[in-house]
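Trainee:
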Amino acid sequence: MSELLTVSNITKVYESGKRKVVGIQDISFSVKKGEFISVIGPSGCGKSTLLRCIAGFEKTNKGSISLDGEKVKKPGPNRFMVFQGLDQLFPWLTLKENIVFAMKVVEKSQGNLERKAEYYLELVGLEGFRDFYPYQLSGGMKQRASIARALSVRPKLLLMDEPFGSLDAFTRRTIHQMLLKVWQKTGVTIIFVTHDMEEAIDLSDKILIFSKGRLKGFIENHLPRPRERNISAYRSFLLRVSNLLEEETGSLDSEELSAAEATLAF
Amino acid sequence: MRDFISKLAFLLVVAIVWEVIRLTGHYSELLLPGISSIARAFWVERTDLLGKTLFSLKIIGIGLLVAISLALLATIISMSGKVFAEVISNLMAIMHPLPGIAILPVAILWFGIGVKAILFVIVFSALWPLINHFYSGFRSIPVNQLEAGRNLGLAGWELALKVMLPASFPHILSGLRTGWARAWQASVAAELVFGAAGGQGGLGWYLYKKRFMMETPGVFAGMLIIVLIGIAVEYLFFAGIENRTVRKWKTIIN
Numbered sequence: 002m003s004e005l006l007t008v009s010n011i012t013k014v015y016e017s018g019k020r021k022v023v024g025i026q027d028i029s030f031s032v033k034k035g036e037f038i039s040v041i042g043p044s045g046c047g048k049s050t051l052l053r054c055i056a057g058f059e060k061t062n063k064g065s066i067s068l069d070g071e072k073v074k075k076p077g078p079n080r081f082m083v084f085q086g087l088d089q090l091f092p093w094l095t096l097k098e099n100i101v102f103a104m105k106v107v108e109k110s111q112g113n114l115e116r117k118a119e120y121y122l123e124l125v126g127l128e129g130f131r132d133f134y135p136y137q138l139s140g141g142m143k144q145r146a147s148i149a150r151a152l153s154v155r156p157k158l159l160l161m162d163e164p165f166g167s168l169d170a171f172t173r174r175t176i177h178q179m180l181l182k183v184w185q186k187t188g189v190t191i192i193f194v195t196h197d198m199e200e201a202i203d204l205s206d207k208i209l210i211f212s213k214g215r216l217k218g219f220i221e222n223h224l225p226r227p228r229e230r231n232i233s234a235y236r237s238f239l240l241r242v243s244n245l246l247e248e249e250t251g252s253l254d255s256e257e258l259s260a261a262e263a264t265l266a267f
Numbered sequence: 004m005r006d007f008i009s010k011l012a013f014l015l016v017v018a019i020v021w022e023v024i025r026l027t028g029h030y031s032e033l034l035l036p037g038i039s040s041i042a043r044a045f046w047v048e049r050t051d052l053l054g055k056t057l058f059s060l061k062i063i064g065i066g067l068l069v070a071i072s073l074a075l076l077a078t079i080i081s082m083s084g085k086v087f088a089e090v091i092s093n094l095m096a097i098m099h100p101l102p103g104i105a106i107l108p109v110a111i112l113w114f115g116i117g118v119k120a121i122l123f124v125i126v127f128s129a130l131w132p133l134i135n136h137f138y139s140g141f142r143s144i145p146v147n148q149l150e151a152g153r154n155l156g157l158a159g160w161e162l163a164l165k166v167m168l169p170a171s172f173p174h175i176l177s178g179l180r181t182g183w184a185r186a187w188q189a190s191v192a193a194e195l196v197f198g199a200a201g202g203q204g205g206l207g208w209y210l211y212k213k214r215f216m217m218e219t220p221g222v223f224a225g226m227l228i229i230v231l232i233g234i235a236v237e238y239l240f241f242a243g244i245e246n247r248t249v250r251k252w253k254t255i256i257n
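Chains as they are written, first to last, in the numbering used here: chain C, 2 to 267; chain H, 4 to 257.
(1) Taking only three categories from DSSP, how would you classify R43 of chain H?
(2) Count the other CB atoms within 10 Å of the CB of R247 of chain H; is the residue buried (16 or more) or exposed (fewer)?
(3) Output the distance between the C-alpha atoms of N113 of chain C and I100 of chain C, rounded to the nearest integer angstrom.
(4) When the Cα of H174 of chain H is compared with those of H:L53, H:R250 and H:I8, which residue comes out closest?
(5) Does DSSP classify L75 of chain H as helix, strand or coil?
(6) Apply the 10 Å Cβ neighbour rule to K19 of chain C and answer buried if 16 or more other Cβ atoms are within range, or exposed otherwise.
(7) With a threshold of 16 other CB atoms inside 10 Å of the CB of T50 of chain H, please say whether the residue is buried or exposed.
(8) Within 8 angstroms (strictly less), CB to CB, does I244 of chain H reach chain C?
(9) Can you say whether E194 of chain H is buried or exposed, counting buried as having 16 or more other CB atoms within 10 angstroms of its CB?
(10) Taking 8 angstroms as the cut-off, decide whether the C-beta atoms of I41 of chain H and A224 of chain H are in contact.
(11) Quick check: the Cα distance between A158 of chain H and L204 of chain C, rounded to an integer number of angstroms?
(12) Mind checking which residues open and close the alpha helix (DSSP H) that includes G182 of chain H?
(13) For R20 of chain C, which three-state DSSP category applies?
(14) So if I threshold CB-CB distances at 9 angstroms, which residues from the segment 149-162 of chain H count as touching chain C?
(15) Can you look up A261 of chain C in the DSSP assignment and give me helix, strand or coil?
(16) Run down chain H in chain order and give the residues with a C-beta less than 7 angstroms from the C-beta of V106 of chain C.
(17) Let me know if L253 of chain C comes out buried or exposed under the rule of 16 or more other beta-carbons within 10 Å of its beta-carbon.
(18) From which residue to which residue does the beta strand (DSSP E) around V107 of chain C run?
(19) Are V83 of chain C and G156 of chain H closer than 8 angstroms when you measure CB to CB?
(20) Report the neighbours of K253 of chain H on chain C: residues whose CB is nearer than 9 angstroms to its CB, in chain order.
(21) Note down, in chain order, each residue of its chain lying with its Cβ closer than 6 angstroms to the Cβ of R145 of chain C, except the 5 sequence neighbours on either side.
(22) Beta carbon of L168 of chain C, beta carbon of T190 of chain C: below 8 angstroms?
(23) Helix or strand or just coil, what does DSSP make of Q89 of chain C?
(24) Out of H:R180, H:L227, H:W252 and H:A242, state which residue places its alpha-carbon closest to the alpha-carbon of L14 of chain H.
(25) Taking a cut of 7 angstroms between CB atoms, which residues from the segment 122-150 of chain H lie near chain C?
(26) Around the Cβ of K63 of chain C, are there at least 16 other Cβ atoms within 10 angstroms (buried) or fewer (exposed)?
(27) Use the C-beta contact count for E48 of chain H: other C-beta atoms within 10 angstroms, 16 or more gives buried, fewer gives exposed.
(28) Buried or exposed for S143 of chain H, going by 16 or more other Cβ atoms inside 10 Å?
(29) Quick check on the DSSP output: the beta strand (DSSP E) that includes I192 of chain C runs from which residue to which?
(30) Could you run through the segment 73-104 of chain C and flag, in chain order, every residue whose CB is less than 7 angstroms away from some CB of chain H?
(31) For L160 of chain C, tell me which candidate among C:T12, C:F193, C:T175 and C:G218 has the shortest Cα-Cα distance.
(32) What is the C-beta distance between K13 of chain C and E59 of chain C, in whole angstroms, given that I count them as a contact (C-beta under 8 angstroms)?
(33) Counting only beta-carbon separations shorter than 8 angstroms, does F165 of chain C have a partner in chain H?
(34) Mind pulling the chain D residues with CB within less than 7 angstroms of P220 of chain H?
(35) Return the chain-ordered ranges of every alpha helix (DSSP H) run that is complete within the segment 36-94 of chain C and spans a minimum of 4 residues.
(36) Find the residues of chain H that neighbour A56 of chain C, judging by a C-beta separation of less than 7 angstroms, and give them in chain order.
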């Protein structure tokens with residue numbers, strides 16, 4: 002399998018007045034086609050910044066990002082982002098219209114977009130809700146619809162920035178199942194940012210560990226799918242990840258400090 | 004529609020109370036004319052009233068179009084840089100508290116007595132609240148929606164038209180409401196102060212004439228028209244737009 006995404010030596014510094022706050026520093030890694038990668042770390046560690054740089058929302062100060070050999074310079078539909086916020090769908094469009102709108106902008110053609118939109122809604126289990134407006138949906142349904150919209154523009158890379166962070170644990174479990182099914186069916190490559198270790202382990206093949214703006218290492222996840230939480234292999238793997246995170250993030254004080262700095266930077 | 008009917012019912016109650024007070028005979032017919040004489044004035048003056056109404060609506064329409072264009076321009080300018088935003092917000096801080104009618108003396112000095120001066124007052128009155136609403140509308144667009152638009156590859160005008168405009172529509176709509184009300188007030192007030200030049204004028208001028216001639220029923224007939232137009236525009240125009248847009252999307256503000 003070939004490298005889909007190559008991130009080499011990128012650094013992002015935020016300037017707020019005279020203060021400079023490092024968002025991420027000297028990050029390099031690569032992602033193969035079809036992989037499901039998690040990026041994990043405490044709040045303010047730079048994991049969201051990394052995702053925003055890959056999406057093209059932020060310009061890096063140093064280094065380069067390339068997707069399929071092409072340099073990333075600005076946002077584009079070949080890397081589509083699903084955000085944490087429940088307000089990312091356009092409230093003036095129904096679910097189907099949201100997806101048709103996205104496809105229309107990207108494909109610049111009419112085609113049979115209605116049918117395609119229905120296909121993607123079905124994929125995420127929302128076939129009965131095509132004519133609903135976003136306000137009529139629960140948080141979980143909104144996030145499903147956002148995933149459907151993202152997939153509808155056929156991105157090479159699906160970027161997910163704590164997409165289920167606002168959902169309750171129960172909803173999250175069922176939406177995880179859906180996401181895995183969709184990932185297997187479409188073969189899309191996913192980078193998934195989270196601060197929830199179990200979420201990262203349940204979902205991904207590879208876990209990048211972030212702390213204070215730096216990539217501290219990555220762990221391959223060879224646990225068999227579907228991932229069962231009650232087997233001992235799962236628990237020892239979880240322990241390994243959590244030890245590594247603790248080692249790297251250090252005491253709570255400095256963690257809070259870097260989180261505060263990151264908030265200041267925005 | 005229910006609301007519209009309840010407003011009409013309320014007007015009916017006011018009319019009945021009015022008649023009862025008049026029938027006590029305490030007040031002169033010159034100060035408090037009967038409903039029937041107001042209705043008669045309405046009928047006798049129908050052509051004149053219609054002409055004046057159309058004139059008012061035309062001039063308010065033109066003024067509003069100019070004000071909306073200027074407000075959009077100002078909003079775009081203030082969105083395009085910190086310095087511009089500051090200039091416009093300072094300008095707003097100075098101009099917004101100034102009642103539109105207070106600019107009339109200057110308008111008369113600059114443009115003379117006539118349509119131009121009235122237009123100037125209308126534009127001035129509507130402009131600041133429009134800018135205020137448009138600007139806060141654009142500022143209140145959720146970042147996620149903007150970035151979803153950018154992620155699709157939208158930028159510049161396309162982003163503004165396809166994402167920013169509908170996303171800020173609740174604010175734009177309430178800006179239009181305020182702008183319309185201000186323009187209406189300004190046009191009547193300006194004509195009441197100096198009348199009209201060259202025989203041209205709107206409802207304000209009509210009220211001015213009728214008061215001058217002591218034709219009280221005509222004064223009330225003119226006021227009634229103003230009230231009816233206000234109700235019609237609110238309930239047939241704005242409420243219609245609201246029901247088809249922000250109410251349907253549940254993005255209504257207030």
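Every residue, glycine too, gets a C-beta built ideally from N, C-alpha and C.
These figures come from a predicted structure and were not determined experimentally.
Mentor: From the atom records:
(1) Three-state DSSP puts R43 of chain H in a helix.
(2) Counting C-beta atoms within 10 angstroms of its own C-beta, R247 of chain H has fewer than 16 neighbours from the protein chains shown and is therefore classed as exposed.
(3) Spanning the alpha carbons of N113 of chain C and I100 of chain C requires a straight line of approximately 12 angstroms.
(4) Of the listed residues, the one whose Cα sits closest to H174 of chain H is H:R250.
(5) In the structure shown, the three-state DSSP call for L75 of chain H is helix.
(6) Only exposed fits K19 of chain C, as fewer than 16 other CB atoms lie within 10 angstroms of its CB.
(7) Flag for T50 of chain H reads exposed.
(8) Using a CB distance cut-off of 8 angstroms, I244 of chain H does not count as an interface residue toward chain C.
(9) That one is buried.
(10) Cβ atoms of I41 of chain H and A224 of chain H: closer than 8 angstroms.
(11) When only Cα atoms are considered, A158 of chain H and L204 of chain C end up about 34 angstroms apart.
(12) Start and end: F172 to F197.
(13) When secondary structure is reduced to three states using DSSP, R20 of chain C falls in the strand class.
(14) Correct list: E150, A151, G152, R153, N154, L155, G156, L157, A158 and E161.
(15) Confidence at A261 of chain C is low in this model, with a pLDDT of 49, below 50, so the placement of that residue is unreliable and no value is reported for it.
(16) When 7 angstroms is used as the limit between beta carbons, V106 of chain C is near these residues of chain H: L155, G156 and L157, in chain order.
(17) Model confidence at L253 of chain C stands at a pLDDT of 47, short of 50, so the residue's coordinates are unreliable and nothing is read from them.
(18) Segment L96 to E108 is the alpha helix (DSSP H) holding V107 of chain C; no beta strand (DSSP E) there.
(19) Contact flag unset, no.
(20) For the C-beta of K253 of chain H, the chain C residues within less than 9 angstroms are, from N- to C-terminus, P92, Y134, P135, Y136 and Q137.
(21) Contacts found: V125 and L127.
(22) In this structure, L168 of chain C sits away from T190 of chain C, with a CB-CB distance that is not shorter than 8 angstroms.
(23) DSSP, reduced to helix, strand and coil, places Q89 of chain C outside both helices and strands of the structure shown, so it counts as coil.
(24) Measuring C-alpha to C-alpha distances from L14 of chain H to each of H:R180, H:L227, H:W252 and H:A242 identifies H:L227 as the nearest.
(25) Hits within the stretch, in order: P145, N147, Q148 and E150.
(26) Under this definition K63 of chain C is an exposed residue.
(27) Taking every protein chain shown into account, the CB of E48 of chain H has 16 or more other CB atoms within 10 angstroms, so this residue is buried.
(28) Burial is judged here by how many other beta carbons sit within 10 angstroms of a residue's own beta carbon; S143 of chain H has fewer than 16 and is exposed.
(29) Going by DSSP, I192 of chain C is part of the beta strand (DSSP E) stretching over T190 to T195.
(30) Listed by position along the chain: P76, G77, P78, F81, M82, F84, G86, D88, Q89, F91, P92, W93 and A103.
(31) Comparing Cα positions, the closest option is C:F193.
(32) Confirmed, Cβ separation roughly 6 angstroms.
(33) Taking Cβ atoms only, chain H never reaches closer than 8 angstroms to F165 of chain C, which makes this a no.
(34) Protein chains in the displayed structure are C and H, and chain D is not among them.
(35) You should have 48-56.
(36) Chain H residues near A56 of chain C: N154.
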